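Participant: Take the sequence shown: its letter number 38 is residue 38 in the UniProt record's numbering, and every next letter is one higher. C-beta: ideal position from N, C-alpha, C; glycine also. Only a predicted model underlies this, so the values are computations on that prediction, with no experimental measurement involved.
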Amino acid sequence: MTSTPSPFTRTKQQGPLHFLALVALDAEKHPHDCNVDPAPLGEGLQSAACSSYETPSYTVSSSPTHSVSSLHISCGRTPSDVGSDPQPLIQSTATNSTQRADLLQSKHPMRTRKKCHRRESPLHIRAKEETLARRRERLERATKIRSLDNSPVNDEQLTVLRMVYDEITMYPSESWMVLIAIIIRRSFKQVKNWFSNERQKNRNGDVISVCTEEGDKMRLRESAINFSEHWSDSILEEVVMVYHFLVTQSFRRRKRRLAVQREPPRIMELHGQNSRSL
């Protein structure tokens, strides 16, 4: 019975290169034998080498499939990482990306978007110009009204001012104070000072911020909002004019009644009373 010579015995006769070829052929005959320890193969290579030359020590895989599978990179944790805590990601210190971004920004600077302003229609622009023209005209009329600086307001003027302050707003705009001054025939400066002094003495009540038809921001009373949600110069002018007319008529009737009560009796009436008594 003849035995097949082992690779190690052949190596002694044919040299280390032939031994490597025989090892490769032997691995092809047992492709699924993954339990072979590669360390003895390296040791056998060193022992099979002749004394006249030396070969470096290395290990040979026992299976080509094992070599191919060793190329796969596992996503799991290695045994050496089992006892260690997860570490945060470290930011790259590479400067090539930042330098490229700076270069692109220098060549193509970024532009911020401008706010898109709404284009007003010609009709709206014309209405706005007409409103400003009317306000300038009214301001000239109000500044021409002359009244003594130290003279107190009369009862009619005070009643109208008090109504505007308590029922409409205690923060009237300049255009509204101009209208009030024209209606009650009081100088614009005095009307403005009256509202300022009244706010210092009696600033009470809640106000609601609204925007008038002309685009003015106003703080109105709740009673004014209940009366109308769309206030404007024309609405205030109508309200103040009507109220001023009613107040004027009421004070006139009151004056007449007081005048009749204070009027002395006429002589004919006294003569008639004396003749009846006789």
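For residue 117, collect the residues of the same chain with a Cβ closer than 6 Å to its Cβ; drop the 5 residues on either side in sequence, then sort them by chain order.
Facilitator: Here the question's residue 117 lines up with position 117 in the sequence shown. Legend: pLDDT at residue 117 = 47, less than 50; position of this residue unreliable, value from coordinates given subsequently. Contacts found: none.
Participant: Give, in chain order, every unbroken run of the alpha helix (DSSP H) that is at least 4 residues long and sits entirely within the UniProt DNA-binding region "Homeobox" (146-206).
Facilitator: Listed in chain order, the complete alpha helix (DSSP H) runs (minimum 4 residues) inside the UniProt DNA-binding region "Homeobox" (146-206) are 155-163, 174-184, 188-201.
Participant: Residue 200: buried (16+ other C-beta within 10 angstroms of its C-beta) or exposed?
Facilitator: Numbered from 1 along the sequence shown, position 200 holds the residue referred to as residue 200. So residue 200 counts as exposed.
Participant: Rounded to the nearest angstrom, what separates residue 242 and residue 155 at their Cα positions?
Facilitator: For the purposes of this step, residue 242 is identified with residue 242 of the sequence shown, where counting begins at 1. For the purposes of this step, residue 155 is identified with residue 155 of the sequence shown, where counting begins at 1. If I take the Cα positions, the gap works out to 16 Å.
Participant: Which word fits residue 180, buried or exposed, when buried means at least 16 other C-beta atoms lie within 10 angstroms of its C-beta?
Facilitator: Taking the sequence shown and counting its residues from 1, one reaches residue 180 at position 180. Label assigned to residue 180: buried.
Participant: Given this structure, state the Cα-to-Cα distance separating residue 262 from residue 255, to the nearest angstrom.
Facilitator: In the sequence shown, counting from the first residue as 1, residue 262 sits at position 262. In the sequence shown, counting from the first residue as 1, residue 255 sits at position 255. If I take the Cα positions, the gap works out to 10 Å.
Participant: Residue range of the beta strand (DSSP E) that residue 219 falls in?
Facilitator: Taking the first residue of the sequence shown as 1, we reach residue 219 at position 219. 217-220 is the extent of the beta strand (DSSP E) around residue 219.
Participant: Please report how far the alpha carbon of residue 138 lies from the alpha carbon of residue 258, in whole angstroms.
Facilitator: Translated into the one-based positions of the sequence shown, residue 138 becomes position 138. Translated into the one-based positions of the sequence shown, residue 258 becomes position 258. Cα-Cα distance, rounded: 37 Å.
Participant: Here's the rule: buried if 16 or more other CB atoms are within 10 angstroms of the residue's CB, otherwise exposed. What is residue 224?
Facilitator: Sequence index remark: in the sequence shown, residue 224 carries index 224 (1-based). Buried, because 16 or more other Cβ atoms sit within 10 Å of the Cβ of residue 224.
Participant: Mind checking residue 233: buried by the 16 CB within 10 Å criterion, or exposed?
Facilitator: Stepping through the sequence shown from its first residue, residue 233 is reached at position 233. With 16 or more other Cβ atoms within 10 Å, it is buried.
Participant: If you drop the 5 nearest sequence neighbours on each side, which residues of the same chain put their C-beta closer than 8 Å to that of residue 188?
Facilitator: Translated into positions along the sequence shown, residue 188 becomes position 188. Closer than 8 Å at the Cβ level, and outside the excluded window around residue 188, lie 139, 142, 143, 145, 177, 178, 181.
Participant: Who does residue 250 pair with in a DSSP beta bridge?
Facilitator: Looking up residue 250 in the sequence shown gives position 250. DSSP, once it has assigned bridges, lists no residue as partnering residue 250.
Participant: From residue 165 to residue 208, what distance separates their C-alpha atoms?
Facilitator: Walking along the sequence shown from the start, residue 165 turns up at place 165. Walking along the sequence shown from the start, residue 208 turns up at place 208. Roughly 14 Å separates the two Cα atoms.
Participant: Kindly say whether residue 217, judged by its beta-carbon, lies nearer than 9 Å to any beta-carbon of chain C.
Facilitator: Within the model displayed, chain C is absent; a lone protein chain is all it includes.
Participant: Ordered along the chain, which non-local residues of its own chain (more than five positions away) have a Cβ less than 7 Å from that of residue 163?
Facilitator: Translated into the one-based positions of the sequence shown, residue 163 becomes position 163. Closer than 7 Å at the Cβ level, and outside the excluded window around residue 163, lie 243.
Participant: Would DSSP call residue 121 helix, strand or coil?
Facilitator: For this step, residue 121 is matched to residue 121 along the sequence shown. Coil.
Participant: What is the DSSP secondary structure of residue 228, counted as helix, strand or coil?
Facilitator: Taking the first residue of the sequence shown as 1, we reach residue 228 at position 228. The answer is coil: DSSP assigns residue 228 none of H, G, I, E or B.
Participant: Tell me which same chain residues have a C-beta within less than 7 Å of the C-beta of residue 206, skipping the five on either side of it?
Facilitator: Start at 1 with the first residue of the sequence shown, and residue 206 comes out as number 206. Hits under 7 Å: 222.
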